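Everything in the sequence shown is counted per the numbering used here, starting at 2 for the first residue and increasing by one. What follows is a set of notes on a single structure, which appears directly below.
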Amino acid sequence: MAAGASPMLAGVVLSLHLGVIVFNLFGLVAIPLGGWLGWRFVRLAWWRWPHLASMALVAAQAVAGRACFLTLLQETLAGDGASGPPLIMGFVNHLIYWPLPLWVFAAAYLVLFVYVLALLWLVPIKRKLPVGGLP
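Structure representation (structure tokens):
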């Protein structure tokens, strides 16, 4: 095992990475659907701004030609992987890491980020009314 390798921490980072991916994908679907169906949570600033920021970070990393920092951290923590990843980690890695050129991801993430920006206009964030109900 390589110096500084920690397969257990690599698994934690992979779980966190998977959570971020699910959060981003969920927002891409839930925001327009929720706007149409009247779901209030899709208009909450505390939920929408982190979604926008996460998508911006993903797009910026890809456009800059850099792999996701969580991917890099996971690889560092996993070490050389001579024996291969545990079964579940290998399955999840196969789901989220596709063997495509970085420019494909950069283009896709940029389009998705523009989509999320458009959702700010299509399904706007509602500001809370001050106490007393006056705007």
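In this text, a Cβ means the ideal position worked out from N, Cα and C, and glycines have one as well. Since the model is a prediction, treat every value here as computed from it, not as a measurement.
Does DSSP put W104 in a helix, a strand or coil?
-> helix
Below 8 Å, can you find three or more Cβ-Cβ pairs linking the region 102 to 110 to the region 47 to 65?
-> yes
Find the nearest neighbour of N25 within the set P100, L71, L73 and R49, judged by alpha-carbon distance.
-> R49
In angstroms with no decimal places, state the Cα-to-Cα distance between L123 and H18.
-> 28 Å
Could you please give the first and the last residue of the uninterrupted alpha helix (DSSP H) stretch that includes A6?
-> First-last for A6: undefined, no H or E at that position.
Nearest-angstrom Cβ-Cβ length linking V115 and L53, presumed shorter than 8 Å = Actually they do not touch by this definition, with Cβ atoms about 11 Å apart.
Is P51 helix, strand or coil by DSSP?
-> helix
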